[in-house]
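J.: Oh and the sequence shown: position 17 is 867 in my numbering, straight run, nothing missing.
Encoded as structure tokens, here's the structure I'll be asking about.
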Amino acid sequence: GRVEVTVPPTASKLVDTLHTTLAHILINRDGPAIQPGSRTYSRSWIRDGALTSDSLLQLGHTEEVRDFLTWYAPYQLPDGRIPCCVDRRGADPVPEHDSNGEFIYAVAEYYRFTRDVGFVHRMWPAVMRAVDWIAAARATRTTKEFREPGRLVFFGLLPESISHEGYSSHPVHSYWDDFFALRGLKDAAELARVIGDEARASDVAVLRDAFRDDLVASIRRVMETRATDYLPASVELADFDPSATAIAVTIAGMLPDLPRDALDRTFDRYWSTVEERAHGSGTSGSYSPYELRNVEALVRLGRRERAYELLTAIFRDQRPAAWNQWAEIVWRDPGAPRFIGDMPHTWVGSSFVRALRTMLAYEREEDRALVLASGVPAEWLAGDGPGVGVKRLPTYFGVLTYTLRPEGDGALRLRLSGDLSVPPGGIVLMPPLPRALTAVTVNGTPLTDFTADAATIREFPADVVLEY
851 GRVEVTVPPT ASKLVDTLHT TLAHILINRD GPAIQPGSRT YSRSWIRDGA
901 LTSDSLLQLG HTEEVRDFLT WYAPYQLPDG RIPCCVDRRG ADPVPEHDSN
951 GEFIYAVAEY YRFTRDVGFV HRMWPAVMRA VDWIAAARAT RTTKEFREPG
1001 RLVFFGLLPE SISHEGYSSH PVHSYWDDFF ALRGLKDAAE LARVIGDEAR
1051 ASDVAVLRDA FRDDLVASIR RVMETRATDY LPASVELADF DPSATAIAVT
1101 IAGMLPDLPR DALDRTFDRY WSTVEERAHG SGTSGSYSPY ELRNVEALVR
1151 LGRRERAYEL LTAIFRDQRP AAWNQWAEIV WRDPGAPRFI GDMPHTWVGS
1201 SFVRALRTML AYEREEDRAL VLASGVPAEW LAGDGPGVGV KRLPTYFGVL
1251 TYTLRPEGDG ALRLRLSGDL SVPPGGIVLM PPLPRALTAV TVNGTPLTDF
1301 TADAATIREF PADVVLEY
């Protein structure tokens, strides 16, 4: 009840599932330990925990995230490595190179939603050791041998690992690890400025920029040498894995850095698999609802309709349907006696929370804007229904309440309230419109800063009328 979401009655299942998912996440906790399940996955992964923490923060639950990070941090190894997993036996020794970036990201997200500088000070030694481990691991791929033409494709990356479960049979240089490492370096540089450690802020920023440049260069080299027109998920395999690539868009904030044509083709090809699955013509008998990550990616890529179609399709695979939950694996035959993981699987559930929240509101890193309604389907604003809205939604910039409703024929009305500082990039409203915007007024004053399908608002609170 800390956050309320308004959607038309036809979409009430989304809100029901939002509430149920939050309950399941809290139920699956074991003391401070955030767990993705209570049976097969009765353990705590920093990977699952970091992204589940994000969904808790987005729903106004901060204390559980603070407790989780406070509990997990002491398991950091002497060399700075964050263990991938912790249970009653202690830390798991398996090296998974996404862990350090995920830990730093979770600390930074907690700060962005709470502005708790004291907690950042407490976590700062662990954050810096985590950064130093990333730097040392990357340094193993910047030696002279990796400047040779045959090995240049590995230059500047993290070493091979099995962090991505698809590589458990054989470690590879997985871009999944690098996406999270880049996120961690970005966040460490920000946190250094927050606590006034200017020397480390400068050093980490240099490392961040060099790492990003080498990562993008590696992706381009793999595409060139392996003749792929999509973004590969690893160096060795040049494999197609959009649910892993989605992390680059949704978490790592790499949308401005990646080749856009290849990114678009990646999700075009993915969409073909979604359509094949919907029509029963796909070759696979199963998939994982981890694909909910792609809903968020599609919204950020400006593909509103496909994002909602995908969300609707994945909702059809809730099992049992009335329980508002997903298993880790969905089989085409619901009665197949095969592995499904835990049910409910709350890491999957956390991806749904992020997806729905992104449809309604998300923070755009490249221009530090707050984007509203960019994933809202047109049908939610049809007729004389309640429209869409949120109450007490936490954001990086404060607490947001908004309603967006039809206003007669050919207009929408947005009302913004809450406790929010206008972001540097403004509040960007991107509702679904049948025609181009022709006029926008904010608090009764005509606005000139709008395009055919978006308006940037720089006043708060605000009463906004959009005519089209």
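C-beta atoms are modelled at their ideal positions from N, C-alpha and C, and glycine is treated no differently.
Predicted model, so just to flag it, every value in this text is computed and none were measured.
Note down, in chain order, each residue of its chain lying with its Cβ closer than 6 Å to the Cβ of residue 925, except the 5 sequence neighbours on either side.
T.: Excluding sequence neighbours, residue 925 sits near 933, 936 and 941.
J.: Which residues mark the beginning and the end of the beta strand (DSSP E) in which residue 1267 is found?
T.: 1261-1270 is the span of the beta strand (DSSP E), which, as asked, contains residue 1267.
J.: Give me the Cβ distance between residue 1119 and residue 1090, rounded to the nearest whole Å; I'm assuming they're in contact under 8 Å.
T.: The pair is a contact, with the Cβ atoms about 7 Å apart (cut-off 8 Å).
J.: Between which two residues does the beta strand (DSSP E) holding residue 994 run?
T.: Run containing residue 994: none; DSSP gives neither H nor E here.
J.: Which whole-angstrom value is the C-beta distance of residue 1220 and residue 1247, which I expect to be below 8 Å?
T.: Rounded, the Cβ-Cβ distance is 6 Å, consistent with contact.
J.: Taking contact to mean at least 3 C-beta pairs separated by less than 8 Å, is the stretch 1020-1033 in contact with the stretch 1091-1106?
T.: Result yes; three or more Cβ-Cβ pairs closer than 8 Å.
J.: Report all residues from its chain with a CB closer than 6 Å to the CB of residue 1086; omit the five preceding and five following residues, and keep chain order.
T.: Excluding residues within five positions, the ones whose Cβ falls inside 6 Å are 1022.
J.: Between residue 1149 and residue 1093, which are expected to be in contact by the criterion C-beta below 8 Å, what is the C-beta distance as a whole number of angstroms?
T.: The pair is not a contact, with the Cβ atoms about 15 Å apart (cut-off 8 Å).
J.: First and last residue of the alpha helix (DSSP H) that includes residue 913?
T.: Here the alpha helix (DSSP H) through residue 913 covers 913-922.
J.: Using the Cβ count rule (16 or more neighbours within 10 Å means buried), how would you classify residue 1036?
T.: Result: buried.
J.: Residue 964: which of 912, 1034 and 917 sits nearest, CA to CA?
T.: The option with the nearest alpha carbon to residue 964 is 912.
J.: Could you spell out the range, first to last residue, of the beta strand (DSSP E) harbouring residue 1312?
T.: Looking at the DSSP string, the run of the beta strand (DSSP E) that includes residue 1312 is 1312-1317.
J.: Which of the three DSSP states, helix, strand or coil, is assigned to residue 1176?
T.: Three-state result, residue 1176: coil.
J.: If residue 954 and residue 1034 are in contact, beta carbons under 8 Å, what's the gap, nearest whole angstrom?
T.: Right, the Cβ-Cβ distance comes to about 4 Å (below 8 Å), so this counts as a contact.
J.: Over the uninterrupted beta strand (DSSP E) stretch that includes residue 1248, give me the two end residues.
T.: Start and end: 1248-1256.
J.: Kindly give me the distance between the Cβ atoms of residue 1040 and residue 958, rounded to whole angstroms, as I take these residues to be in contact under 8 Å.
T.: Confirmed, about 6 Å.
J.: Could you check if residue 947 is buried or exposed, using at least 16 other CB atoms within 10 Å of its CB as the buried criterion?
T.: Under this definition residue 947 is a buried residue.
J.: So what's residue 1219 in DSSP terms, helix, strand or just coil?
T.: Reduced to three states, the DSSP call for residue 1219 is strand.
J.: Can you list, in chain order, the residues of its chain whose CB lies under 8 Å from that of residue 961, leaving out five sequence neighbours each side?
T.: Once the five neighbours on either side are set aside, the close Cβ partners of residue 961 are 967, 969, 970, 1041 and 1044.
J.: Give me the Cα-Cα distance between residue 1309 and residue 1292, rounded to the nearest whole angstrom.
T.: Cα to Cα, residue 1309 sits roughly 8 Å from residue 1292.
J.: Per DSSP, residue 1030 forms a beta bridge with which residues?
T.: Partner(s): none; residue 1030 has no beta bridge.
J.: Is the beta carbon of residue 1281 sitting closer than 7 Å to the one on residue 1297?
T.: No. Outside cutoff.
J.: Find out if the Cβ-Cβ distance for the pair residue 1192, residue 916 is shorter than 7 Å.
T.: Against a cut-off of 7 Å, the Cβ pair of residue 916 and residue 1192 comes out as no contact.
J.: Report the three-state DSSP secondary structure of residue 856 (helix, strand or coil).
T.: In the structure shown, residue 856 sits in a strand (DSSP, three-state: E or B).
J.: Looking only at C-alpha atoms, which of 882, 1183, 1114 and 993 sits nearest to residue 1135?
T.: Per the Cα distances, 1183.
J.: Tell me, which residues are paired with residue 1275 by DSSP?
T.: Bridge partners of residue 1275: none, in fact.
J.: Taking only runs of the alpha helix (DSSP H) that begin and end inside the stretch 1073-1114, which ones reach a length of at least 4 residues, in chain order?
T.: Counting only runs of 4 or more, we get 1092-1100.
J.: Spatial neighbours of residue 1168 within its chain, please: C-beta separation below 7 Å, excluding the five flanking residues on both sides.
T.: Hits under 7 Å: 1174, 1175 and 1176.
J.: Expressed to the nearest angstrom, what Euclidean distance is found between the alpha-carbon atoms of residue 981 and residue 1072?
T.: Taking the straight line from one Cα to the other gives about 26 Å.
J.: Thinking C-beta only, is residue 1242 closer than 7 Å to residue 1253?
T.: No; because the gap between Cβ atoms is not below 7 Å, this pair is not in contact.
J.: If you follow the alpha helix (DSSP H) that residue 1203 is part of, which residue opens it and which one closes it?
T.: Looking at the DSSP string, the run of the alpha helix (DSSP H) that includes residue 1203 is 1196-1210.
J.: Examine the Cβ distances between the stretch 1197-1214 and the stretch 857-875 and report whether three or more of them are shorter than 8 Å.
T.: With a cut-off of 8 Å, the stretch 857-875 and the stretch 1197-1214 count as touching, because enough Cβ pairs lie within range.
J.: For residue 860 and residue 1194, what's the separation of their Cα atoms in angstroms?
T.: Their Cα atoms are separated by approximately 24 Å.
J.: In the structure shown, what three-state DSSP assignment does residue 1191 receive?
T.: Looking at residue 1191 - three-state DSSP - the assignment turns out to be coil, as it is neither helix nor strand.
J.: Which residue wins for smallest C-alpha separation from residue 1222, given the options 992, 1251, 1199 and 1164?
T.: For the residues 992, 1251, 1199 and 1164, the minimum Cα distance to residue 1222 belongs to 1251.
J.: If we ignore side chains and look at the alpha-carbon of each, how far apart do residue 1121 and residue 1004 end up?
T.: Approximately 30 Å, taken between the alpha carbons.
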